[in-house]
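Engineer:
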Amino acid sequence: MLISPSILASDFSRLAEEVNSIENAGADLVHIDVMDGMFVPNITIGAPVIKSLKDKTKLPFDVHLMIEEPIRYIEDFAKAGADIITFHIEAAKDVKAAIDAIKKAGAKPAVSIKPNTPAEAVFPYLAELYMVLVMTVEPGFGGQSFMPQTMPKVKAIREEAIKRNIPLHIQVDGGIDSRTVSEAAENGADIFVAGSYIFKAQNRKEAVSLLKEKAETAYPY
Ligand code: DX5
Ligand code: ZN
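Laid out in structure tokens, this is it:
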């Protein structure tokens with residue numbers, strides 16, 4: 000069970016300190032949300048900001064691209080220090096080519112699906128992937144409510160991976176807190192993104208530990 004705090008909920012004017020704070024709190028990864036104002040109606044940060052953070056932390060960078068035709072920027076993000084690169088299947092014309100580009104750039108490939116995209120959309124690529132990200136909110140903004148109707152997709156992907164003997168991480172992102180984390184783990188998720196829940200917590204260390212504990216207890220596979 001891995002916890003990946005989303006810096007979208009952090010204080011951008013103190014980004015390095017914020018990343019250090021979650022590292023000290025026991026986070027396993029840093030989740031970095033890249034939005035282009037086209038695929039989603041919001042603009043966040045790009046490769047130069049990621050590059051400037053790279054030597055400030057030992058945590059691996061979990062980069063979530065919410066951009067049209069992600070293949071155009073994969074090399075830039077890998078060079079900037081992305082360890083995992085996730086792109087949206089809905090945004091890529093050639094999904095296989097984007098996965099290959101991520102591998103070639105030396106990062107771990109992952110694809111993401113929005114709440115209305117079926118689980119089966121990722122099945123043809125499972126054997127090539129490090130991780131699938133099942134969005135539990137509509138991508139674009141932090142602080143939204145978890146959508147429980149996405150849970151059957153997590154379960155379907157976990158069962159398909161087990162059936163085909165594929166070691167796969169399944170990440171959930173959006174509205175994850177001490178309650179929804181259990182539901183997601185129960186259905187087979189093992190990497191949990193949390194923005195508001197961790198960055199707005201009084202005690203970030205307790206928040207990270209609680210998520211991990213609840214996930215470990217609920218995960219049935
Ligand atoms: C939404 C982003 C999420 C977001 C999660 O498009 O992909 O990573 O920051 O934020 P919370 O945990 O506040 O829902
Ligand atoms: Zn995200």
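Going by numbering that gives the first Met the number 0, the sequence shown opens with residue 0, and the numbers climb by one from there. Backbone N, C-alpha and C fix where the C-beta goes; we use that ideal spot for every residue, glycine too. Everything numeric in this text was worked out from a predicted model, so none of it was measured.
(1) Can you tell which of L28, V121, Y72 and D35 has its C-alpha closest to the C-alpha of K231?
(2) For a quick check, are the C-beta atoms of L64 and V33 less than 8 angstroms apart?
(3) Nearest by alpha-carbon distance to R293: which of E159, K55, V39 and M0 is it?
(4) Any heavy atom of the ligand ZN closer than 7 angstroms to the CB of D32?
(5) What are the uninterrupted segments assigned as alpha helix (DSSP H) that are 4 or more residues long and contained completely in the stretch 89 to 177, given in chain order?
(6) I want to check one thing, is the minimum distance from the CB of S181 to the heavy atoms of the ligand DX5 below 7 angstroms?
(7) Could you give the distance in angstroms between the alpha-carbon of G45 and the alpha-carbon of L52?
(8) Is the CB-CB distance between S3 and F191 below 8 angstroms?
(9) Kindly indicate which residue of I101, K92 and V94 has the alpha-carbon position closest to the one of D61.
(10) Taking the alpha-carbon positions, what's the D99 to V121 distance?
(11) Shorter than 7 angstroms, the distance from the beta carbon of H63 to the closest heavy atom of the ligand ZN, or not?
(12) Is F38 helix, strand or coil when you go by DSSP?
(13) Just the Cα atoms here: how many angstroms apart are Q143 and A15?
Structural biologist: Here's the rundown:
(1) Since the first residue of the chain shown is 0 and the last is 220, residue 231 is not available in this structure.
(2) Position 65 of the sequence shown, counted from the first residue, corresponds to residue 64. Position 34 of the sequence shown, counted from the first residue, corresponds to residue 33. The answer is yes: Cβ separation under 8 angstroms.
(3) The requested residue 293 is not part of the displayed model; the chain covers only 0 to 220.
(4) The count along the sequence shown starts at 1 and reaches residue 32 at position 33. D32 Cβ: within cutoff of the ligand ZN.
(5) Whole alpha helix (DSSP H) segments, 4+ residues: 94 to 103 and 150 to 162.
(6) Within the sequence shown, numbered from 1, the residue matching residue 181 stands at position 182. No, the beta carbon of S181 sits no closer than 7 angstroms to any heavy atom of the ligand DX5.
(7) Residue 45 sits at position 46 when you count from the first residue of the sequence shown. Residue 52 sits at position 53 when you count from the first residue of the sequence shown. Distance from the CA atom of G45 to the CA atom of L52, rounded to whole angstroms, is 12 angstroms.
(8) Here residue 3 is taken as the residue at index 4 of the sequence shown, counted from 1. Here residue 191 is taken as the residue at index 192 of the sequence shown, counted from 1. The answer is yes: Cβ separation under 8 angstroms.
(9) Against the sequence shown, residue 61 aligns to sequence position 62. Put simply, of I101, K92 and V94 the residue whose alpha carbon is nearest the alpha carbon of D61 is I101.
(10) Stepping through the sequence shown from its first residue, residue 99 is reached at position 100. Stepping through the sequence shown from its first residue, residue 121 is reached at position 122. Straight across, the Cα-Cα distance linking D99 with V121 is about 15 angstroms.
(11) For the purposes of this step, residue 63 is identified with residue 64 of the sequence shown, where counting begins at 1. Closer than 7 angstroms to some heavy atom of the ligand ZN: that describes the Cβ of H63.
(12) Position 39 of the sequence shown, counting from 1, holds the residue named residue 38. In the structure shown, F38 sits in coil (DSSP, three-state: anything other than H, G, I, E or B).
(13) In the sequence shown, residue 143 corresponds to position 144, counting from 1. In the sequence shown, residue 15 corresponds to position 16, counting from 1. If you take the alpha carbons of Q143 and A15, they lie about 25 angstroms apart.
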